[in-house]
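Below is one structure; the comments refer to it alone.
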Amino acid sequence: MEKTLSSGNPQNQSEASQPKKSQSGQLIPAVLRPGNYMLVRTQEALNKIFGPSMNPLYYLGAITFLLLWILIATGTYLYLFYDMTPSGAYKSVQYLTEDQKWYGGIIRSMHRYAADGMMIVIAIHIVQVLFSDRFRKYRWVAWISGVAILPVIWLEGLTGYFLVWDEVAQMIAVTSAHIFDALPIFSEPMPRNFLKNDSVNALLFFIFNYLHLAIPCLLLILAWIHCMRISMPVINPPRAVTITILSTLVVLSIIKPAVSADPADLSRLVGVMAIDWFYLFPFPLIDWLELQPAMVWLGGGLLYAIVFAMPWIISDPVKSKYINPTVGQGTVTITQSDCTGCLLCQKACPFEAIELNPRLEGAPNEVEAYVVDDLCSECGFCVNTCEVGAISMGGWSVTEFQNYIEFLFKNYNKMLVEPVVMAFVCERSFDQKAFFTHENTRMKCCEEVAVMTTPCIGVISPAIVDYSFKMGAEGILVIGCRGLDCHYREERRRLKFRDNLKRDRFMVEKMDDPNIEIMLISPFEKEALKKEIEDFKNAVKVDKSGGRILNG
Amino acid sequence: MDKRRLSAASIATLVSPAIFIFLFSTSPSYEYNKKKEAALVVSFKKSSERIRLCDEKELNAFKQKADKRRKHMQSALRECGSRERLPIRLKVWLDDKETLDKIIYPTGFRNDGITYAYEYFTISAGMHRVKVAAVDYRERENDFSHVIEKEIIFKRRQIVLIDYDRVTDQLYLNK
Numbered sequence: 001m002e003k004t005l006s007s008g009n010p011q012n013q014s015e016a017s018q019p020k021k022s023q024s025g026q027l028i029p030a031v032l033r034p035g036n037y038m039l040v041r042t043q044e045a046l047n048k049i050f051g052p053s054m055n056p057l058y059y060l061g062a063i064t065f066l067l068l069w070i071l072i073a074t075g076t077y078l079y080l081f082y083d084m085t086p087s088g089a090y091k092s093v094q095y096l097t098e099d100q101k102w103y104g105g106i107i108r109s110m111h112r113y114a115a116d117g118m119m120i121v122i123a124i125h126i127v128q129v130l131f132s133d134r135f136r137k138y139r140w141v142a143w144i145s146g147v148a149i150l151p152v153i154w155l156e157g158l159t160g161y162f163l164v165w166d167e168v169a170q171m172i173a174v175t176s177a178h179i180f181d182a183l184p185i186f187s188e189p190m191p192r193n194f195l196k197n198d199s200v201n202a203l204l205f206f207i208f209n210y211l212h213l214a215i216p217c218l219l220l221i222l223a224w225i226h227c228m229r230i231s232m233p234v235i236n237p238p239r240a241v242t243i244t245i246l247s248t249l250v251v252l253s254i255i256k257p258a259v260s261a262d263p264a265d266l267s268r269l270v271g272v273m274a275i276d277w278f279y280l281f282p283f284p285l286i287d288w289l290e291l292q293p294a295m296v297w298l299g300g301g302l303l304y305a306i307v308f309a310m311p312w313i314i315s316d317p318v319k320s321k322y323i324n325p326t327v328g329q330g331t332v333t334i335t336q337s338d339c340t341g342c343l344l345c346q347k348a349c350p351f352e353a354i355e356l357n358p359r360l361e362g363a364p365n366e367v368e369a370y371v372v373d374d375l376c377s378e379c380g381f382c383v384n385t386c387e388v389g390a391i392s393m394g395g396w397s398v399t400e401f402q403n404y405i406e407f408l409f410k411n412y413n414k415m416l417v418e419p420v421v422m423a424f425v426c427e428r429s430f431d432q433k434a435f436f437t438h439e440n441t442r443m444k445c446c447e448e449v450a451v452m453t454t455p456c457i458g459v460i461s462p463a464i465v466d467y468s469f470k471m472g473a474e475g476i477l478v479i480g481c482r483g484l485d486c487h488y489r490e491e492r493r494r495l496k497f498r499d500n501l502k503r504d505r506f507m508v509e510k511m512d513d514p515n516i517e518i519m520l521i522s523p524f525e526k527e528a529l530k531k532e533i534e535d536f537k538n539a540v541k542v543d544k545s546g547g548r549i550l551n552g
Numbered sequence: 553m554d555k556r557r558l559s560a561a562s563i564a565t566l567v568s569p570a571i572f573i574f575l576f577s578t579s580p581s582y583e584y585n586k587k588k589e590a591a592l593v594v595s596f597k598k599s600s601e602r603i604r605l606c607d608e609k610e611l612n613a614f615k616q617k618a619d620k621r622r623k624h625m626q627s628a629l630r631e632c633g634s635r636e637r638l639p640i641r642l643k644v645w646l647d648d649k650e651t652l653d654k655i656i657y658p659t660g661f662r663n664d665g666i667t668y669a670y671e672y673f674t675i676s677a678g679m680h681r682v683k684v685a686a687v688d689y690r691e692r693e694n695d696f697s698h699v700i701e702k703e704i705i706f707k708r709r710q711i712v713l714i715d716y717d718r719v720t721d722q723l724y725l726n727k
């Protein structure tokens, strides 16, 4: 990103060196902006209902895991009673459904509805990831593995439906066989496996059964890859959400038990069927569009390839003149001679982009940190974690941050009023154009508030906060995104994570300081935010004169 | 332990996707094959003739070679003649109208394997005159060695299969 401030020499930084205008929405590629707008609005609406800490949109991955555990648990029970033969499969499923109505039947229904729920959650998750622009660059592995998971889950669903061996299974088997037959790899036409009732043999059932059991193992491996580049991934939803989802599945299973269609009969065409549209929608689609098997492979393959390549198809937005060159954004570098090997930066990194090397001979500490550029999101979490200033981003280390704060408080344009509050603002949560003035060094609504834009508020460390107070700030405002709206995943949790670090213990006290306020907002809360900022500034001023104390 | 609670409104919102599952897990129902439809399937597997059979000289040489071997090793000898087999020409007429005329090649890189046929025809239920003919196909050959011609009553949604019996070397109706 463009950076107009010369790092390390704030004395030479003029106000003109800050951008003239800014607009946070410009950070999202243009093609995604309408979707992003809808997404943020929806997240906002759900935040009002659930509160940011319980909003299910922030736990979609975790809810998918929950549904997977339910599927594995219920599937294990079903498997105990399943007869793996063409003649016995249908009967064994019927036995579970009818003879064990109040336990086997419910478990079967839960198995099926959890699978349906999984498809819904994954679909929303894809939309969310896409429109929040969290699939490109350093996140490509998560996208690719997620896209790979999708057909695997679908295939798992299909094999599950096959095992019932009812008319739905017959439709899946025969149609799939015709589609597979288009691939020039089978010597015997695949549909010949389903010519007559006695041509379906137990081996075929064994294969499908094996697939249905093996695919979840593959799924777990892909899920591990999906999460591997994220430190502190959320894999369990809040307890209340878990209980609600489980209860819903049980109630749904009682109200509408899953049942089989008529048993498969290969001497007859299948007729009217109650199909599960979450998994079986391609079959009617192929039928309606009268697609030939080759077209199914070609069209499906092309569509899948496009989805697969999305991180490389959608490029960065063209830099608008309104975009604020955020202080310190750019490549992260570590000065090895200064690194003490304390590991704090490694713990702070949300994408595990900091790795350790054995320390060179003669140095007191055992390891030294280095940055894996491909994984680095340039969020800046590590920069201010480093107390010795060994890490810099775009040329900015903790020293440069401190120097800039000094510039804001000591060397500001004397035509302006004296700053009272220091505001650290996330570049993504904020409509900067609407809020900033005086070369983006002050808030429009209240000029006593000096501002510094950072890639994420997770950047803000105790040292920075403390230094702001030293420079004369009476209050500190930290304004960031709400919950998992954070582009870099939960900046608030990052701040809390910092609290828990032993060496940052004094920050715990600072966080309770009434003159520090953390505001987690959405870009649409302009008026409310203006009021909050004004209230905070006024309260700080009153407090300074010995008046009321803020609640924080 | 996480003791946060959900409000009634949030529970209702969280439960709402269940309505989609309730609705779309079984409905709308889908008619995959129309009520008055039936199907004719012509499918068989057959080993066709080799493209070039043994002449007398080759046959004698082969026999001599085979005789020199022990009995259980004789089958390991490749038969004489060409390895490649003939394709099969398959023709289907429905109600005296030619519906399919296809040449199907044997499997294998050298076309030396079994020939598989699988053809699927959707037709309306009722009586239809079906004629299926097949032959190990040499160029310009118009006679068919295997023919089956029948008037068949197709019941609604019935699948009628015409197969090949290796023992009798004939096409037959497998109802």
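As you go down the protein sequences, you meet chains A and B in turn.
If you read the first sequence in the working numbering, its first letter stands for residue 1, the second for the next number, and so on.
If you read the second sequence in the working numbering, its first letter stands for residue 553, the second for the next number, and so on.
Where a beta carbon is used, it is the ideal one built from N, C-alpha and C, also for glycine.
Which of helix, strand or coil does DSSP assign to residue i?
i: Asp535(A); result: helix
i: Phe572(B); result: helix
i: Leu558(B); result: coil
i: Pro325(A); result: In this prediction, Pro325(A) has a pLDDT of 47, which is less than 50 and means its spatial position is unreliable; what the coordinates show is noted afterwards. Note: Pro325(A) maps to coil in three-state DSSP.
i: Tyr370(A); result: strand
i: Arg239(A); result: helix
i: Met190(A); result: helix
i: Asp653(B); result: strand
i: Asp316(A); result: coil
i: Thr244(A); result: helix
i: Pro86(A); result: helix
i: Glu352(A); result: coil
Return yes when the Cβ of residue j is within less than 8 Å of the Cβ of residue i, no when it is not.
i: Arg662(B); j: Glu636(B); result: yes
i: Asp166(A); j: Thr578(B); result: no
i: Ala390(A); j: Ile334(A); result: yes
i: Lys707(B); j: Ala560(B); result: no
i: Tyr161(A); j: Leu252(A); result: no
i: Met54(A); j: Leu558(B); result: yes
i: Leu195(A); j: Thr565(B); result: no
i: Pro284(A); j: Tyr724(B); result: no
i: Ala182(A); j: Pro282(A); result: no
i: Ala463(A); j: Met422(A); result: no
i: Asp316(A); j: Pro34(A); result: no
i: Val465(A); j: Ile476(A); result: yes
i: Asp149(A); j: Ala223(A); result: Looking at the sequence itself, residue 149(A) is Ile, so the reference to Asp does not match. In contact: Ile149(A) and Ala223(A) (Cβ atoms closer than 8 Å).
i: Cys379(A); j: Arg428(A); result: no
i: Ser377(A); j: Tyr58(A); result: no
What separation, rounded to the nearest whole angstrom, lies between the Cα atoms of residue i and residue j?
i: Leu68(A); j: Val121(A); result: 11 Å
i: Gly394(A); j: His111(A); result: 51 Å
i: Cys486(A); j: Ser132(A); result: 9 Å
i: Tyr322(A); j: Asn357(A); result: The pLDDT assigned to Tyr322(A) is 40, lower than 50, so where the model puts this residue is not dependable, and the model offers no usable value.
i: Ala369(A); j: Ile106(A); result: 53 Å
i: Ile405(A); j: Glu517(A); result: 18 Å
i: Arg192(A); j: Lys643(B); result: 19 Å
i: Pro263(A); j: Leu163(A); result: 12 Å
i: Glu601(B); j: Ser676(B); result: 36 Å
i: Leu291(A); j: Phe673(B); result: 16 Å
i: Ala305(A); j: Glu532(A); result: 47 Å
i: Val371(A); j: Ile354(A); result: 5 Å
First and last residue of the beta strand (DSSP E) that includes residue i?
i: Lys702(B); result: 698 to 706
i: Thr42(A); result: Not the beta strand (DSSP E): Thr42(A) falls in the alpha helix (DSSP H), residues 33 to 50.
i: Ala62(A); result: That residue, Ala62(A), is in no beta strand (DSSP E); its alpha helix (DSSP H) goes 60 to 81.
i: Ile592(B); result: Inspection of the sequence shows that residue 592(B) is occupied by Leu rather than by Ile. Residues 589 to 598.
Determine the extent of the alpha helix (DSSP H) in which residue i is found, giving its start and end residues.
i: Pro282(A); result: 282 to 289
i: Asp619(B); result: 608 to 620
i: Met171(A); result: 167 to 180
i: Ile313(A); result: 310 to 313
i: Tyr467(A); result: 462 to 470
i: Cys345(A); result: 344 to 348
Within 8 Å of any Cβ in chain E, is that where the Cβ of residue i sits?
i: Val593(B); result: As a matter of chain content, chain E is missing from the structure shown, whose protein chains are A and B.
TODO: Within the region 192 to 235 of chain A, note down every full alpha helix (DSSP H) run reaching 4 residues or more, in order along the chain.
DONE: 202 to 228
Task: Contained beta strand (DSSP E) runs [length at least 3] in the region 398 to 460 of chain A, N- to C-terminal order - done: 421 to 426, 449 to 454
Open item on the list: Just to confirm the assignment: which complete alpha helix (DSSP H) runs, minimum length 4, are found wholly within the region 99 to 162 of chain A?
Closed with: 106 to 131
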